[in-house]
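Asks:
In UniProt numbering, the protein residues as written are 1 to 183.
1) Taking Cβ to Cβ, would you say residue 64 is nearer than 9 Å to residue 42?
2) What whole-angstrom Cβ distance do residue 93 and residue 33 have, given they're in contact under 8 Å?
3) My parser needs the beta strand (DSSP E) runs of 3 or more residues fully inside the region 13-75; what are they?
4) Could you tell me which of 127, 98, 62 sits nearest to residue 112, measuring between CA atoms?
5) Spatial neighbours of residue 129 within its chain, please: CB distance less than 6 Å, with the 5 preceding and 5 following residues excluded, ordered by chain position.
6) If contacts are defined as beta-carbon pairs under 8 Å, then residue 68 and residue 109 qualify, I think. What distance do you get, rounded to the angstrom?
7) Do the CB positions of residue 27 and residue 84 come within less than 9 Å of each other?
8) State the start and end residues of the unbroken alpha helix (DSSP H) segment that holds residue 95.
9) In chain order, what residues of the same chain have a beta carbon less than 8 Å from the beta carbon of residue 131, not counting five sequence neighbours either side?
10) Classify residue 35 as buried or exposed, calling it buried when 16 or more other Cβ atoms lie within 10 Å of its own Cβ.
11) Name the two residues that bound the continuous beta strand (DSSP E) containing residue 124.
12) Can you tell me whether DSSP reads residue 117 as helix, strand or coil?
13) For a cutoff of 9 Å on Cβ pairs, would you count residue 57 as touching chain E?
14) Beta carbon of residue 78, beta carbon of residue 49: below 9 Å?
15) What does the alpha-carbon distance come out to for the pair residue 116 and residue 103?
16) So, are the CB atoms of residue 133 and residue 91 less than 9 Å apart?
17) From what residue to what residue does the alpha helix (DSSP H) around residue 104 run?
18) Nearest to residue 24 by CA position, among 86, 120, 95, 114, is which residue?
19) Quick one: using the 10 Å Cβ neighbour count with 16 as the cut-off for buried, is residue 66 buried or exposed?
20) Check for me: the beta strand (DSSP E) holding residue 82 runs from which residue to which?
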């Protein structure tokens, strides 16, 4: 997988700021989701990026991929779309992506990118890209049931609308996929 020079430059800027200097940066909310029709099979991802009153949507797809790769690729594409370093609140419903980047990745790296069961870590190329963003990204799970007790009804409805829009984006991307494979 090839990432642009712009993305690698932003990656370096994000990494050099570290967690202590993140408070002065713009805060952007990113909502991501990925899916696959079959696993592997044609798949896609949907992204909704929100900064103040501005909303930007992205979607993409591949002819042959997996669900987990689409779940991981969505935040990568979103972070690549940033033009300047930002404080990112990333919301994902993927337990695999969230636990991988917040918990498992430390052990994987320490153990030479093998799991506790001595299997090679899957999607290691994408984990390498996501790893430096841990310091500038706050991950939030997308479980609506857990959030309903905390949030007012109108906020929950806004959240639900965003999830529905993302779902339409990723389904469209999976069906009208690129002629690329990402397995």
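Note that CB positions come from ideal geometry on N, CA and C, so glycine has one too.
Replies: According to the structure data:
1) yes
2) 6 Å
3) 27-36, 41-51, 54-65
4) 127
5) So the qualifying residues of the chain are 76.
6) That belief does not hold up - the Cβ atoms of residue 68 and residue 109 are roughly 18 Å apart, past 8 Å.
7) no
8) 95-99
9) Within the same chain, residue 131 has close Cβ partners 101, 105, 109.
10) buried
11) Annotation for residue 124: no beta strand (DSSP E) segment contains it, though the alpha helix (DSSP H) segment containing it runs 124-130.
12) coil
13) Protein chains in the displayed structure number just one, and chain E is not present.
14) yes
15) 13 Å
16) no
17) Note, residue 104: premise wrong, no alpha helix (DSSP H); not H, not E.
18) 86
19) buried
20) In this chain, residue 82 is not harboured by any beta strand (DSSP E), its DSSP state being neither H nor E.
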